[in-house]
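Trainee: Have a look at this one before I ask anything.
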Amino acid sequence: MPAEFYAGIDVGSTTTKVAIVDAAGTLLAEAVDKSGFDFAGAAETVFSRALAVLDADRLQVKRVVSTGYGRRNVAFADEMRTEIFCHAAGAYHYFPEALTIIDIGGQDNKIIRVNAGGERENFAMNRKCAAGTGAFIEEIAYRLGIDLGSLNGLAEKSEDEVSIGSFCTVFSCTEILGLLRRGTKPEDIVKGVFRSVVKRVLEMDSITGKVVLTGGVVAYNPIIARMMAEMTEREVVVAPHPQVIGAYGAALTARNL
Amino acid sequence: MAEIRKLKAAKLMKKVMADHFYEIDAAVKAGNPKVAWCTSVGPAELLRAMGFVVYFPENHAAILGASRTATDYIPAANAIGYSPEICSYLTADVGAYLKGFTPLAKIYEGIDSIPKPDVLVYNTNQCRDVKDWFEWYARRWNVPCLGIESYVNVGAVTDTHVAGISGQFKKLAEDLTAITGNKLDMDKLAETVWLSRKCSDLWRDVLEMATRKPSPLTFFDGTIHMGPAVVMRGTQVAVDYYETLLKELQEWVDEGVAAVEGEKYRIYWEGMPIWGKLRENAQLFLRLKTAVVASTYCNSWIFSALDGDDPWDSMARAYTELFIVRDDDYKEDYFLKMKKLFDYDGIIFHDAKTCPNNSNCRYGLPQRLQGKAGIPFVTIDGDLNDLRCYSEEQAITKIEAFIEQLGERK
Numbered sequence: 147m148p149a150e151f152y153a154g155i156d157v158g159s160t161t162t163k164v165a166i167v168d169a170a171g172t173l174l175a176e177a178v179d180k181s182g183f184d185f186a187g188a189a190e191t192v193f194s195r196a197l198a199v200l201d202a203d204r205l206q207v208k209r210v211v212s213t214g215y216g217r218r219n220v221a222f223a224d225e226m227r228t229e230i231f232c233h234a235a236g237a238y239h240y241f242p243e244a245l246t247i248i249d250i251g252g253q254d255n256k257i258i259r260v261n262a263g264g265e266r267e268n269f270a271m272n273r274k275c276a277a278g279t280g281a282f283i284e285e286i287a288y289r290l291g292i293d294l295g296s297l298n299g300l301a302e303k304s305e306d307e308v309s310i311g312s313f314c315t316v317f318s319c320t321e322i323l324g325l326l327r328r329g330t331k332p333e334d335i336v337k338g339v340f341r342s343v344v345k346r347v348l349e350m351d352s353i354t355g356k357v358v359l360t361g362g363v364v365a366y367n368p369i370i371a372r373m374m375a376e377m378t379e380r381e382v383v384v385a386p387h388p389q390v391i392g393a394y395g396a397a398l399t400a401r402n403l
Numbered sequence: 401m402a403e404i405r406k407l408k409a410a411k412l413m414k415k416v417m418a419d420h421f422y423e424i425d426a427a428v429k430a431g432n433p434k435v436a437w438c439t440s441v442g443p444a445e446l447l448r449a450m451g452f453v454v455y456f457p458e459n460h461a462a463i464l465g466a467s468r469t470a471t472d473y474i475p476a477a478n479a480i481g482y483s484p485e486i487c488s489y490l491t492a493d494v495g496a497y498l499k500g501f502t503p504l505a506k507i508y509e510g511i512d513s514i515p516k517p518d519v520l521v522y523n524t525n526q527c528r529d530v531k532d533w534f535e536w537y538a539r540r541w542n543v544p545c546l547g548i549e550s551y552v553n554v555g556a557v558t559d560t561h562v563a564g565i566s567g568q569f570k571k572l573a574e575d576l577t578a579i580t581g582n583k584l585d586m587d588k589l590a591e592t593v594w595l596s597r598k599c600s601d602l603w604r605d606v607l608e609m610a611t612r613k614p615s616p617l618t619f620f621d622g623t624i625h626m627g628p629a630v631v632m633r634g635t636q637v638a639v640d641y642y643e644t645l646l647k648e649l650q651e652w653v654d655e656g657v658a659a660v661e662g663e664k665y666r667i668y669w670e671g672m673p674i675w676g677k678l679r680e681n682a683q684l685f686l687r688l689k690t691a692v693v694a695s696t697y698c699n700s701w702i703f704s705a706l707d708g709d710d711p712w713d714s715m716a717r718a719y720t721e722l723f724i725v726r727d728d729d730y731k732e733d734y735f736l737k738m739k740k741l742f743d744y745d746g747i748i749f750h751d752a753k754t755c756p757n758n759s760n761c762r763y764g765l766p767q768r769l770q771g772k773a774g775i776p777f778v779t780i781d782g783d784l785n786d787l788r789c790y791s792e793e794q795a796i797t798k799i800e801a802f803i804e805q806l807g808e809r810k
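Structure follows, in structure tokens:
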């Protein structure tokens, strides 16, 4: 008898992620691509790619749960859940205790509190503003002409971090232009940019319990986790496969339905 | 997809509202009776008893919002110096005037413009913005603008508060007579206050129909059907309308008709409606099997203190007992009382960008309620009229996530 799988598809504002699990909840395959303008197409692409990794047929996928901003665009999904639900489900699976889950996404940040039983107690999302999100980091990288993948390494070299005062992405760029004009080193600016991200997140809600970080931004920039631990004086861990944890939570939900 | 159920009374309400606007338009065209503009929680009873026909610009601004034209006109007011961060009722209304637009002309054949007032009368019990709003028109048209300056952050309403406001009412009546020649008829005042009280009691009964399970009406119905309570309180027409509406709702209750089929969750909406998104939001909650059973906003037109036998002091008390001017201790208690009455599962706080006075999530009140009584809450960012301030996708995600969260507890 062929194996049965469950899939979660997270169509985010920036990237679309898929996770495929088995009946035990083991992550067997994952795929990530840009969401672009065709959410349905992006969902189809990542799903096919993950199936190819497994060398599986889509008929073997018993149930699909979609999540993320584009969750309504996944025509083949059996159910939908919000990304808040799915990030909590994914993170709690790995850390079954009272948690504060912090998801730094492409355009949204979320702070989700779950109790020891895994029930969500509260959540907060950023206001109508992309300060402190992946979009903020992307914009700064673009302005500085630095490849996104190099930012973390550059920040690690900083010996004299600067403070970015503005919380607006556009005004932060103006502020950075001023710093550059005064001869500030790019690595000190980049580290200040990461600090700004952490500050913006921490002002959204109070933090309790163990902190689990999720989302694409922390996946590529581990410096954020260290800064977060330093600033909260708490245990801060990065969830396994942080970028696809929402999709993974959706896949676990598909399994549990 | 489930459909929003329509009350039959809606047809009657359309006629009643049309009559209201035609009456004002006729008065302007004939030059008699005189027209007074009044803030929505202003001294309408006094103005009617002095023989004015009364026009409510906030109602006009809400129509601009509901017809999704507000955002087209707000920039015109911004361009003459009114900040995009002040009341978007004000900026939409002033902007529409500057551009020569009124939705009334589209809705009601023969009406060409908003009615030019003989006098403008405000009460600052809602905010200072209403005064600024009225003063703009007063300067533009060179007509008098008078008003009541209300107390704010009131805990218990004391005799001192009542005396202060009552005195202002009496002075207002004298000033209005001196300026316009209209005289106050005390018998008419008593009658008007009693009619207003009847309207208020019936409106409260209508809203309290939502204490039933399932609820026969939602916040979204309330925002539409409160029209007569806002613009026609103090008249027999409003009383008759709410008797009709109440009867229909009672029939629904008797037949077990639910506003939200399969009602699973009951929510309290705190703050202004998002006028341009009423239908979308009503449908969202319908899909989520969630009845928004209560709100502070719709309750704002309940004036239980009104007493025709003691018009001055009772008007003063009624217009000072409003939720919006009360201190946070009062507000906390109010939400707890409403919890008992409506048995809601959680509160949605609408943080309206341009309406701080109606955004009670900014000083930790939701968190205090959660700590004190375990009431779950979520805050959405939006605005009453300026859709540029509404983060729709985020709001939908927050509301859906909130309902999911409530589902985990049930």
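From first to last, the protein sequence lines stand for chains A and B. Sequential numbering from 147 applies to the first sequence in the working numbering. Sequential numbering from 401 applies to the second sequence in the working numbering. Just so you know, even glycine gets a beta-carbon here, dropped at the ideal spot from N, CA and C.
#1: Out of A/A149, A/F151 and A/V157, point me to the one whose CA is closest to A/I391's CA.
#2: Quick one: using the 10 Å Cβ neighbour count with 16 as the cut-off for buried, is A/N268 buried or exposed?
#3: At a CB-CB cut-off below 7 Å, which residues of chain B make contact with A/R243?
#4: Spell out whether any CB of chain A is found under 8 Å from the CB atom of B/A801.
#5: Hey, how far is the Cα of B/T577 from the Cα of B/E445?
#6: Classify B/D786 as buried or exposed, calling it buried when 16 or more other Cβ atoms lie within 10 Å of its own Cβ.
#7: Determine the chain B residues that contact A/I353 at a beta-carbon separation under 9 Å, and present them in chain order.
#8: One question on the structure: do B/T696 and B/F723 come within less than 8 Å of each other, judged by their Cβ atoms?
#9: Roughly how many angstroms lie between the CA atoms of B/R666 and A/A287, to the nearest whole one?
#10: Output, in sequence order along the chain, the residues in the segment 207-240 of chain A whose CB is closer than 8 Å to any CB in chain B.
#11: Would you give the residue range spanned by the beta strand (DSSP E) that B/I702 belongs to?
#12: Entirely within the segment 737-807 of chain B and at least 3 residues each: give me those beta strand (DSSP E) ranges in chain order.
#13: Should A/R266 be flagged as near chain B, meaning a C-beta pair shorter than 8 Å?
#14: Short of 8 Å in beta carbon distance, which residues of its chain neighbour A/T378, apart from the five on each side in sequence? Order them along the chain.
#15: Please name the residue, chosen from A/Y215, A/A234 and A/L205, that lies closest to A/E265 on a Cα-to-Cα basis.
#16: Taking Cβ to Cβ, would you say B/G746 is nearer than 8 Å to B/L806?
#17: Kindly list the residues whose CB is nearer than 6 Å to the CB of B/L769, restricted to its own chain and excluding five residues on each side of it in sequence; keep chain order.
#18: Mind reading off the beta-carbon distance from B/I548 to B/T580? Whole number of angstroms is fine, and I expect it under 8 Å.
#19: From what residue to what residue does the alpha helix (DSSP H) around A/Y238 run?
#20: Might you give, ordered along the chain, the residues of its own chain that have their beta carbon closer than 7 Å to the beta carbon of B/I424, omitting 5 neighbours on each side?
#21: Given a cut-off of 8 Å, decide if A/G154 and A/T360 are closer than it, judged by their beta-carbon atoms.
#22: List the DSSP bridge partners of B/M413.
#23: Quick one: measure Cβ to Cβ for B/A479 and B/V494, integer angstroms, because I've assumed they're closer than 8 Å.
#24: Of the residues that make up the segment 331-361 of chain A, which ones have a beta carbon closer than 8 Å to any beta carbon in chain B?
#25: Since B/E800 and A/T228 should fall inside the 8 Å C-beta cutoff, what is the C-beta to C-beta distance between them, to a whole number of angstroms?
#26: Rounded to the nearest angstrom, what separates B/Y497 and B/Y489 at their Cα positions?
#27: Assuming the contact rule is C-beta atoms closer than 8 Å, A/S133 and A/S309 should be a hit. Round their C-beta distance to whole Å, please.
#28: Measure the beta-carbon distance from B/E663 to B/A691 and round it to whole angstroms, keeping in mind my assumption that it falls under 8 Å.
#29: Look up A/G264 in the DSSP assignment and say whether it is helix, strand or coil.
#30: Would you call the CB atoms of A/I230 and A/D351 closer than 8 Å?
#31: Decide if the segment 594-614 of chain B is in contact with the segment 699-707 of chain B; the criterion is three or more beta carbon pairs, one per stretch, under 8 Å apart.
#32: Rounded to the nearest angstrom, what separates B/T560 and B/Y730 at their Cα positions?
#33: If you scan the segment 617-673 of chain B from start to end, which runs of the alpha helix (DSSP H) of 4 or more residues do you find wholly inside it?
#34: What does B/D745 reach in chain A if we use C-beta pairs closer than 8 Å?
Mentor: Walking through what the data contain:
#1: For this step, residue 391 of chain A is matched to residue 245 along the first sequence. Minimum Cα distance to A/I391 is reached at A/V157.
#2: Start at 1 with the first residue of the first sequence, and residue 268 of chain A comes out as number 122. Buried, by the Cβ-count rule.
#3: By 1-based counting over the first sequence, the position of residue 243 of chain A is 97. A quick correction: the sequence has Glu, not Arg, at residue 243 of chain A. Correct list: empty, because the minimum Cβ distance to chain B is about 17 Å.
#4: Residue numbering aside, residue 801 of chain B sits at position 401 when the second sequence is read from its first letter. Cβ-Cβ to chain A under 8 Å: yes for B/A801.
#5: Here residue 577 of chain B refers to the residue found at position 177 of the second sequence. Here residue 445 of chain B refers to the residue found at position 45 of the second sequence. B/T577 and B/E445: Cα-Cα distance of roughly 15 Å.
#6: In the second sequence, residue 786 of chain B corresponds to position 386, counting from 1. Label assigned to B/D786: buried.
#7: The count along the first sequence starts at 1 and reaches residue 353 of chain A at position 207. Result: empty, since nearest Cβ-Cβ is about 14 Å, beyond 9 Å.
#8: By 1-based counting over the second sequence, the position of residue 696 of chain B is 296. By 1-based counting over the second sequence, the position of residue 723 of chain B is 323. Yes.
#9: Position 266 of the second sequence holds residue 666 of chain B. Position 141 of the first sequence holds residue 287 of chain A. Going from the Cα of B/R666 to the Cα of A/A287 covers about 46 Å.
#10: Answer set for the segment 207-240 of chain A: Y215, R227, T228, E229, I230 and F231.
#11: As a working note, residue 702 of chain B is residue 302 in the second sequence. Where B/I702 is concerned, there is no enclosing beta strand (DSSP E), given that its DSSP letter is neither H nor E.
#12: 746-752 and 777-782
#13: Counting from one through the first sequence, the residue named residue 266 of chain A turns up at place 120. Cβ-Cβ to chain B under 8 Å: yes for A/R266.
#14: On the first sequence, position 232 is the one that residue 378 of chain A refers to. So the qualifying residues of the chain are L348, I353 and V357.
#15: Along the first sequence, one-based indexing puts residue 265 of chain A at 119. Taking only the C-alpha atoms, the option nearest A/E265 is A/A234.
#16: As a first step, residue 746 of chain B must be located in the second sequence, where it is residue number 346. As a first step, residue 806 of chain B must be located in the second sequence, where it is residue number 406. Taking 8 Å as the Cβ cut-off, B/G746 and B/L806 qualify as a contacting pair.
#17: Your numbering for residue 769 of chain B matches position 369 in the second sequence. Closer than 6 Å at the Cβ level, and outside the excluded window around B/L769, lie F735 and I775.
#18: Sequence index remark: in the second sequence, residue 548 of chain B carries index 148 (1-based). Sequence index remark: in the second sequence, residue 580 of chain B carries index 180 (1-based). Rounded, the Cβ-Cβ distance is 17 Å, inconsistent with contact.
#19: As a first step, residue 238 of chain A must be located in the first sequence, where it is residue number 92. Taken as a continuous stretch (DSSP letters only), the alpha helix (DSSP H) holding A/Y238 covers E229 to Y240.
#20: Along the second sequence, one-based indexing puts residue 424 of chain B at 24. Excluding sequence neighbours, B/I424 sits near V435, V453, Y455 and P515.
#21: On the first sequence, residue 360 of chain A is found 214 positions in, with the first residue counted as 1. On the first sequence, residue 154 of chain A is found 8 positions in, with the first residue counted as 1. No, the pair does not count as a contact, with Cβ atoms beyond the cut-off.
#22: Reading the second sequence from its first residue, position 13 is the one you call residue 413 of chain B. In the DSSP output, where bridge partners are listed per residue, B/M413 has none listed.
#23: The sequence position of residue 479 of chain B within the second sequence is 79, counting from 1. The sequence position of residue 494 of chain B within the second sequence is 94, counting from 1. Not a contact, Cβ separation roughly 11 Å.
#24: none
#25: Along the second sequence, read from residue 1 onward, the residue named residue 800 of chain B stands at position 400. Along the first sequence, read from residue 1 onward, the residue named residue 228 of chain A stands at position 82. At roughly 5 Å, the Cβ-Cβ gap stays under 8 Å, so B/E800 and A/T228 are in contact.
#26: Taking the first residue of the second sequence as position 1, residue 497 of chain B is located at position 97. Taking the first residue of the second sequence as position 1, residue 489 of chain B is located at position 89. So the alpha carbons of these two residues sit roughly 12 Å apart.
#27: In the structure as shown, chain A begins at 147 and stops at 403. Residue 133 of chain A is therefore absent and cannot be evaluated.
#28: In the second sequence, counting from the first residue as 1, residue 663 of chain B sits at position 263. In the second sequence, counting from the first residue as 1, residue 691 of chain B sits at position 291. That belief holds up - the Cβ atoms of B/E663 and B/A691 are roughly 5 Å apart, short of 8 Å.
#29: For the purposes of this step, residue 264 of chain A is identified with residue 118 of the first sequence, where counting begins at 1. The three-state secondary structure of A/G264, taken from DSSP, is coil.
#30: Along the first sequence, read from residue 1 onward, the residue named residue 230 of chain A stands at position 84. Along the first sequence, read from residue 1 onward, the residue named residue 351 of chain A stands at position 205. No Cβ-Cβ contact shorter than 8 Å links A/I230 with A/D351.
#31: yes
#32: As a first step, residue 560 of chain B must be located in the second sequence, where it is residue number 160. As a first step, residue 730 of chain B must be located in the second sequence, where it is residue number 330. Spanning the two alpha carbons is a distance of roughly 18 Å.
#33: 619-625, 627-631 and 636-655, all fully within the segment 617-673 of chain B.
#34: As a first step, residue 745 of chain B is located in the second sequence; it is residue number 345 there, counting from the start. Those within 8 Å of B/D745 in chain A number zero; the least Cβ separation is about 14 Å.
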